[in-house]
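Engineer:
In the working numbering, the protein residues as written are 6 to 204.
#1: Could you tell me the alpha carbon to alpha carbon distance between residue 46 and residue 104, rounded to whole angstroms?
#2: What number of angstroms, rounded off, separates the C-alpha of residue 170 from the C-alpha of residue 66?
#3: Which stretch, first to last residue, makes up the beta strand (DSSP E) that contains residue 78?
#4: Please return the same chain residues whose Cβ sits closer than 7 angstroms to the Cβ of residue 43, not counting the five positions on each side in sequence.
#5: Quick check on the DSSP output: the beta strand (DSSP E) that includes residue 180 runs from which residue to which?
#6: Could you tell me which of 61, 26, 118, 140 sits nearest to residue 76, measuring between CA atoms?
#7: Tell me the rounded alpha-carbon separation between residue 164 and residue 174.
#8: Just how far apart, CA to CA, sit residue 179 and residue 26?
#9: What is the residue span of the beta strand (DSSP E) that residue 83 lies within?
#10: Tell me, please, whether the region 145-156 touches the region 90-97 by the rule of three or more beta-carbon pairs shorter than 8 angstroms.
#11: Take residue 87 as the anchor and find which of 57, 109, 69, 68 has the nearest alpha-carbon.
#12: Go through its chain and collect everything with a Cβ distance to residue 106's Cβ below 8 angstroms, but skip five positions before and after it.
#13: Between which residues of its own chain and residue 70 is the CB-CB distance below 6 angstroms, once the five residues before and five after are set aside?
#14: Using the C-alpha atoms, what's the distance from residue 22 back to residue 111?
#15: According to DSSP, what are the bridge partners of residue 145?
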C-alpha cells in the first residue's frame with residue numbers, strides 16, 4: 006500500500022484527515038512519523054500558493070505523495086482578515102484561545118448581522134516528477150459574539166452556522182467533516198488520490 010504523507014504537525018488536523026480520507030488505499034503518515042522536522046515557510050499571499058509550496062517541499066524531502074493544505078478564516082468586516090495569517094493572527098506563539106479572543110476584540114463593535122465570514126481550505130497533492138494538483142472548499146457562516154462548543158480547534162468555537170443554529174465546535178464530527186471547508190476540499194482531493202492510485 007503506498008504511503009501518503011500528511012504535511013502537518015497539527016494533531017487535530019491530522020485526526021480530521023484520517024477520518025476524511027478513510028477507506029482510501031493509502032497508509033497515512035504524518036511528518037513526525039516520517040521523521041521530518043524541517044519546517045516549510047508559509048510566506049505566500051494566497052492559500053493555494055502556500056498549500057502548493059508545502060506539498061512540493063515535503064514531497065521532495067520524503068519522496069512520497071504528499072497532501073498539504075492551507076486554510077483559514079476570512080472575515081468580511083475585517084477586509085478578509087485574518088486570511089493566510091489565521092494561525093499567526095495574535096502572534097506567532099499564540100494559542101487557539103488567544104487567537105479567538107484577539108479576533109473577538111477586533112469585532113467588538115460589529116453587530117451580528119455584519120459578522121459574515123468564511124473558512125477557506127486549499128489542498129495540494131504533490132509527488133516527485135508530477136504536476137501538483139489542488140482542490141478547494143469553503144464554508145460560509147458568521148462570527149459568534151462568544152465561543153461555544155468543545156469539538157474542533159482553532160476558530161471553530163466562534164464560527165456560527167445559521168442553518169444549524171450552532172457553532173462548528175458544537176457539531177458532531179460526522180456533520181462537521183461533511184460541511185466544513187476542509188471536508189469539502191477533502192472530498193475533491195479524495196478523487197484526485199483515487200486517480201493517482203489507479204483505483
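Heads up, the beta-carbon is just placed ideally off N, CA and C, and yes, glycines get one too. None of the values given here were measured: they were computed from a predicted structure.
Structural biologist: By the coordinates alone:
#1: 20 angstroms
#2: Cα-Cα distance, rounded: 44 angstroms.
#3: 70-80
#4: 66
#5: Note, residue 180: premise wrong, no beta strand (DSSP E); alpha helix (DSSP H) at 178-184.
#6: Per the Cα distances, 140.
#7: The C-alpha of residue 174 is placed about 8 angstroms away from the C-alpha of residue 164.
#8: 13 angstroms
#9: Careful: residue 83 lies outside any beta strand (DSSP E) and carries neither H nor E.
#10: Too few Cβ pairs lie closer than 8 angstroms, so no.
#11: Closest option to residue 87, Cα to Cα, is 109.
#12: Cβ neighbours of residue 106 beyond the five flanking positions: 95.
#13: 9, 132
#14: 31 angstroms
#15: Note: residue 145 sits in a beta bridge opposite 123.
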